[in-house]
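Novice:
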Amino acid sequence: MNIHPYHSFDLTVSQMQEIQRELRKKIQETPDINQPKIVCGVDLSYWEDQAVAVITGMDYATKEIVETITYTDTVSHEYIPGFLAFRELPLFLKAWEQLKLEPDIVFFDGNGMLHPQRAGLATHASFFIQKPTIGIAKNHFIGTYDPPGETQGSYEYIRDQGEIVGAVLRTQTGIKPVYVSVGNQINLSNAIDLTMHFVGKHSRIPEITRQPDLLSKKIRRELQTKR
DNA sequence: GCGACAG
DNA sequence: ATCTTGTCGC
Numbered sequence: 370m371n372i373h374p375y376h377s378f379d380l381t382v383s384q385m386q387e388i389q390r391e392l393r394k395k396i397q398e399t400p401d402i403n404q405p406k407i408v409c410g411v412d413l414s415y416w417e418d419q420a421v422a423v424i425t426g427m428d429y430a431t432k433e434i435v436e437t438i439t440y441t442d443t444v445s446h447e448y449i450p451g452f453l454a455f456r457e458l459p460l461f462l463k464a465w466e467q468l469k470l471e472p473d474i475v476f477f478d479g480n481g482m483l484h485p486q487r488a489g490l491a492t493h494a495s496f497f498i499q500k501p502t503i504g505i506a507k508n509h510f511i512g513t514y515d516p517p518g519e520t521q522g523s524y525e526y527i528r529d530q531g532e533i534v535g536a537v538l539r540t541q542t543g544i545k546p547v548y549v550s551v552g553n554q555i556n557l558s559n560a561i562d563l564t565m566h567f568v569g570k571h572s573r574i575p576e577i578t579r580q581p582d583l584l585s586k587k588i589r590r591e592l593q594t595k596r
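The first sequence begins at 370 in the working numbering and counts up one residue at a time.
1. On the DSSP bridge assignment, give the partners of Leu538 in chain order.
2. Relative to the C-alpha of Gly451, which candidate in Gln486, Thr439, Ile474, Gly426 has its C-alpha closest?
3. I'd like the span of the beta strand (DSSP E) that includes Phe477, first residue to last.
4. Would a C-beta distance cut-off of 7 Å place Ile449 and Ile438 closer than the cut-off?
5. What does a CB cutoff of less than 7 Å around Pro405 pick up in its chain, not counting 5 residues either side in sequence?
6. From the DSSP output, in three-state form, read off Thr441 for me.
7. If contact is defined by three or more beta carbon pairs under 8 Å, each pair taking one atom from either stretch, is the stretch 415 to 422 in contact with the stretch 495 to 509?
8. Compare the C-alpha of Gln467 against each of Ala422, Ser495, His484, Leu483 and name the closest.
9. In angstroms with no decimal places, state the Cα-to-Cα distance between Ile396 and Gln389.
What follows is the structure, encoded as structure tokens:
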């Protein structure tokens, strides 16, 4: 798939902050996307100074995996809370170049607007791939919220600086919720519905990001014990 | 100063 | 994210 070169990744922290302030201004709200055909999920696994990025393409209706892309390379950036995108995007974009099917939506393991500058990984990625994106985080990052109901599908909005920036969603009854946020080119209620669509019978994490998570961990184990 | 802190 | 086995519970 095509990539729109937005910026390089050889940057200082202040330059990264400047980019995030610019991204924030360009986030688009859009009408619901109801019947996507292909949806992708992205995740990375790390070991030593390496990482593997995995993109799983799934048929929205049947939830069958229709394409799998992997890309392994050295990681250039350390993890700094608030700057995850600068660590993960370089490898993700190399994997994206190999993607053949054209997805209608892309899910990321991390946040979108649920970020101090409304410019988390999912939001940042959308400006390179020009696709609607959604962020699914397993842990709380910013904002405040009331605890969601205990039953599957219950959610509460997450607020920061007076605005709704995401939702804490109970994907399984009685299980720790996940954090959903708009990346770009989509709206929050649509993101929540799409996330629930991919929730399997027993997994907390929707299959769209669970599949690349499982595969990237498997690849990491293989490449790690090989050395 | 203290605590929090996506992956 | 990763280091790590068994074990309690639905």
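The beta carbon of each residue, even a glycine, is placed where N, CA and C say it ideally should be.
Specialist: Per the coordinate set shown:
1. One-based indexing of the first sequence puts residue 538 at position 169. When DSSP reads this structure, Leu538 sits in a beta bridge with Tyr524, Val547.
2. For the purposes of this step, residue 451 is identified with residue 82 of the first sequence, where counting begins at 1. Taking only the C-alpha atoms, the option nearest Gly451 is Gln486.
3. Against the first sequence, residue 477 aligns to sequence position 108. Residues 474 to 478.
4. As a working note, residue 449 is residue 80 in the first sequence. As a working note, residue 438 is residue 69 in the first sequence. Not closer than 7 Å, so no.
5. Working through the first sequence from its first residue, we reach residue 405 at position 36. Cβ within range, chain order: Tyr429, Asp473, Ile474.
6. Taking the first residue of the first sequence as 1, we reach residue 441 at position 72. Reduced to three states, the DSSP call for Thr441 is strand.
7. No: the two stretches stay apart, fewer than three of their Cβ pairs being nearer than 8 Å.
8. Looking up residue 467 in the first sequence gives position 98. In terms of CA proximity to Gln467, Ala422 leads the group Ala422, Ser495, His484, Leu483.
9. As a working note, residue 396 is residue 27 in the first sequence. As a working note, residue 389 is residue 20 in the first sequence. Put simply, the backbone Cα of Ile396 is about 11 Å away from that of Gln389.
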